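What follows is a short report on a single structure.
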Amino acid sequence: MRCLVFDLGAGSGRAMLAELAGGRLVLHQVHRFSGYEVHVDDGPAWAIDMIRAGIREGLAKAAATGPIASVAVDSWGVDFALLDDDGALVDTPRTYRHPRGVEGMAALTPYHDRIAEQTGVQILPIATVFHLGQWARDNPDKMQTVRHFLMMADLHTYELSGVVACEKTLSRTSGLLQVDGGDWDRDVIGWCGMPEEIFGRLVGPGTVLGPLRRELVTSETLAGTKVVTAAGHDTACAAFALAPADGEAFACCGSWNLFGADVADGKLPKDTHRLGFGLEGGIGGRALLTKSLPGLFLLRRLREHWNARTGEDVDFPELGAMALAADRTTPAIASSDPLFFDPADLVGAMQEHLPALQGKGIGVLARSLYLGLARDAAACIRQLGALSGTPIHTIRVGGGGTQDEAWMHFLAEESGCRVVAGPVEASVVGSALIQLVALGAIPSFAAAQEMARTGAAGTLVQ
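Just so we're aligned, residue 1 is where the sequence shown starts under full-length UniProt numbering, counting upward by one.
Written out as structure tokens, the structure is:
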């Protein structure tokens, strides 16, 4: 049996075929697309037409290889789209880095504690609740045309199926859902200034929505294809595939570094909000106690800005190797400082933050950045153990960051934990397993997770 996963990241999207054969998953990438973050007059936005085109091309390429039993979409959290009666966009979706998030967060300051307690969301300027509230204040003329609120994966699932549905793991990243994920929080929606009726039916991971839209069935190999929600949030998919046990944390390392533990649902541990953690949706009645930290996008920025300044062409393997070889007394930046949220010149920002970095080469700058990211991660892991009630001894890492040997080294060294790297394609593996449970090819979520534990051992980093 074969299923298709559309794994949408903030930097690129992929169409991945997953085939269940002999009790193991075999993955094959059929299409990759990127370049859909664009700039409009007021800041960064998403070119939805480009994502839509990438998905349709991926669907066609997958169909050319044979029958597809199901398809699902997962994406990053927090970003959303607003649709009118005809299913058209009311406005161009902005990205989580848009400056309106800071404005929206400030405007809702009196409600921060209640938002955190009632929804479990981290109070950060990237949170949907703050962007949506600011959108409502900035666009009163467009409010009357809004009929549906959908987050990114849900938007593209709707375009595949014609069914408006909000998948719970993704919706729980918004700060608009009750802490147990049971329903929309009408208090928070009211504080945003949005009408309740635009927030639609909630569905759980592994829900079969129906067949592909008729116009998308372009070959016989798609005639029986079902659209499944899987887990809309890529983190939930990845955590499911990484399958952390007691005393283990999971980490999704990419543009952002997200660390978490699998916990019982519906109750916020004491000090969750104070320590900057949130409660997100998991699979099979579980929840994910998580914290988002700056991630490897800072290393991309460092490389880009250094190369632009110097005319050099330092690549990522060189960057990591130079960081590992640099002076061991190099100081670490505080990577969570607001100065590094979206710097126009990261080299200059680092030197402003730490004058000791003035005049230093790229190796020292990279080591300072890696160290800062790793020390923030180590502090997060200690806090995670305290909140969950079980000290963390192992970190199971998925995502593109597992391919960065320097990052894996610094993470293991600074945290003092055993670090297991892989699978790189954790989100894809998780989505595929959930689809196969929905189709009945795997009997339960527990059986699927056992497959993940035994079939994707990863690479041990000491």
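Where a beta carbon is used, it is the ideal one built from N, C-alpha and C, also for glycine.
As the structure is a prediction and not an experimental result, all values here were calculated from the model.
Asked                                                                                                                                                                           : Found
When the Cβ atoms of the segment 358-373 are set against those of the segment 295-311, are three or more pairs found closer than 8 Å?                                           : yes
Among all the DSSP beta bridges, which residues are the ones paired with Phe80?                                                                                                 : Met151
Excluding the 5 residues preceding and the 5 following Leu384 in the sequence, name in chain order all residues of the same chain whose CB lies nearer than 8 Å to its CB.      : Ala249, Phe259, Gly260, Ala261, Phe277, Leu289, Lys291, Ile392
By alpha-carbon positions, which one of Glu57, Leu212, Ala243, Asp74 ends up nearest to Ala287?                                                                                 : Ala243
Under the three-state reduction of DSSP, which class applies to Ser444: helix, strand or coil?                                                                                  : coil
Just to confirm my understanding: we take Gly285, look at its own chain, exclude 5 residues before and 5 after, and list those with CB closer than 8 Å. What are they?          : Asp265
Just to confirm the assignment, what range does the beta strand (DSSP E) spanning Cys417 have?                                                                                  : Run containing Cys417: none; DSSP gives neither H nor E here.
At the level of alpha carbons, what is the spacing between Leu371 and Leu293?                                                                                                   : 13 Å
Go ahead and label Ser368 buried or exposed: buried means 16 or more other beta carbons lie within 10 angstroms of its beta carbon, across all protein chains shown.            : buried
Please list the terminal residues of the continuous alpha helix (DSSP H) segment that includes Lys168.                                                                          : 168-171
Which residue from Arg301, Ser70, Cys192 puts its Cα closest to that of Gly224?                                                                                                 : Ser70
By the 10 Å Cβ neighbour count, where 16 or more other Cβ atoms means buried, how is Pro125 classified, buried or exposed?                                                      : buried
Taking 7 Å as the cut-off, decide whether the C-beta atoms of Ala239 and Gln435 are in contact.                                                                                 : no
To the nearest angstrom, how far is the alpha carbon of Phe199 from that of Ala21?                                                                                              : 39 Å
Would you call the segment 135-142 in contact with the segment 203-223, where contact means no fewer than 3 C-beta pairs closer than 8 Å?                                       : no
Tell me Ala261's beta-bridge partners as DSSP assigns them.                                                                                                                     : Leu289
CB Leu354 to CB Leu302, shorter than 7 Å?                                                                                                                                       : no
Are the beta-carbon atoms of Gly400 and Ala426 separated by less than 7 Å?                                                                                                      : no
Among Asp154, Gly175, Gln178, whose alpha-carbon lies nearest the alpha-carbon of Val228?                                                                                       : Asp154
Buried or exposed for Glu197, please, with buried defined as at least 16 other CB atoms from any protein chain shown within 10 angstroms of its CB.                             : exposed
Tell me whether the segment 75-87 and the segment 144-158 touch, counting them as touching only if at least three CB pairs, one residue from each stretch, are closer than 8 Å. : yes
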